[in-house]
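What follows is a short report on a single structure.
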Amino acid sequence: MSGNPDQQPDQQPDQQPDRVAMAEALRVQVFHQTLFGLTPRVFVTHAIIGLNIAAFIALALLGVHPWSPTVGSLVQWGANYGPLTTDGQWWRLLSATFIHIGVLHIAMNMYVLWGVGQFVERLVGQAGLVVLYLLSGLVGSLASTWWNPVVVSAGASGAVLGVYGALLGFLVRQRLAI
Numbered sequence: 505m506s507g508n509p510d511q512q513p514d515q516q517p518d519q520q521p522d523r524v525a526m527a528e529a530l531r532v533q534v535f536h537q538t539l540f541g542l543t544p545r546v547f548v549t550h551a552i553i554g555l556n557i558a559a560f561i562a563l564a565l566l567g568v569h570p571w572s573p574t575v576g577s578l579v580q581w582g583a584n585y586g587p588l589t590t591d592g593q594w595w596r597l598l599s600a601t602f603i604h605i606g607v608l609h610i611a612m613n614m615y616v617l618w619g620v621g622q623f624v625e626r627l628v629g630q631a632g633l634v635v636l637y638l639l640s641g642l643v644g645s646l647a648s649t650w651w652n653p654v655v656v657s658a659g660a661s662g663a664v665l666g667v668y669g670a671l672l673g674f675l676v677r678q679r680l681a682i
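Take the sequence shown: its position 6, counted from the start at 1, is 510 in this note's numbering, and no numbers get skipped.
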C-alpha cells in the first residue's frame with residue numbers, strides 16, 4: 505500500500521464527514537445551549553430532595569422506624585388515610601408527599617427525582633417545577649384516596665411520576681427538539 509501512512513485502509517482521502525451526523529450534533533448542541541440559557545442553574549430539584557430527606561430524618565429522630573415504620577406512626581405524622589383526609593384533614597394530601605415508608609422507599613423516589621428533575625427543571629423553570637411537583641403530588645394523593653381510601657399512602661411517587669409525565673408530554677409535543 506502506498507500513500508499517506510496515517511490514512512486508514514478503508515478511508516478515501518476525499519471522503520467527507522457524515523453531514524447528517526454533523527447536523528444532528530449541531531442540533532443537539534443548540535438544544536443544550538438553549539436549555540441552559542433558559543435555566544442556567546438548577547436548585548429546586550435539590551431543594552425538594554433536601555426537604556424530603558429532612559422530613560425523613562426528622563421523623564426518624566422523633567421515633568419513626570427508618571426501615572419499617574408502623575402504619576400508626578405514618579398516620580400520626582401526616583400520611584394520607586382516606587377516612588381522616590376526607591373528614592377535613594385535607595392537608596394530608598400534601599404532607600403525604602414528603603413522608604416515606606422506609607429508607608428504600610425514599611432512596612428510590614429521590615434517585616428517580618434526581619435523574620429526571622434537573623432536566624425537567626431546565627425545561628419548565630424553577631417555579632414551573634415547584635408547581636408541577638406539588639400539583640402532581642396532590643393529584644397522586646387524591647388518586648390514592650379515591651382508588652383505595654382505607655389504605656395508608658405516603659411518598660413522592662405521584663409527584664415524581666408527574667415530573668416524568670411532563671417530560672413525556674414535552675417529548676410527544678417536541679419530539680424533534682431533543
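All C-beta atoms, glycine included, are put in the ideal place defined by N, C-alpha and C. Treat the numbers as computed from the prediction; the structure is a model and nothing was measured.
Secondary structure note for residue 556: its alpha helix (DSSP H) is the uninterrupted segment 548-565. Here residue 613 carries a helix assignment [DSSP, helix/strand/coil]. Annotation for residue 661: the continuous alpha helix (DSSP H) segment containing it runs 661-677. Judged by DSSP secondary structure, residue 577 falls within the alpha helix (DSSP H) whose first and last residues are 575-580. Beyond the five residues adjoining it in sequence on each side, residue 613 comes within less than 8 Å, by CB distance, of 556, 604, 659, 660, 661, 664 in the same chain, given in chain order. If you draw a straight line from the Cα of residue 602 to the Cα of residue 542, it comes to about 28 Å. Annotation for residue 536: the continuous alpha helix (DSSP H) segment containing it runs 523-542. In this structure, DSSP gives residue 657 an extended state, which the three-state scheme calls strand.
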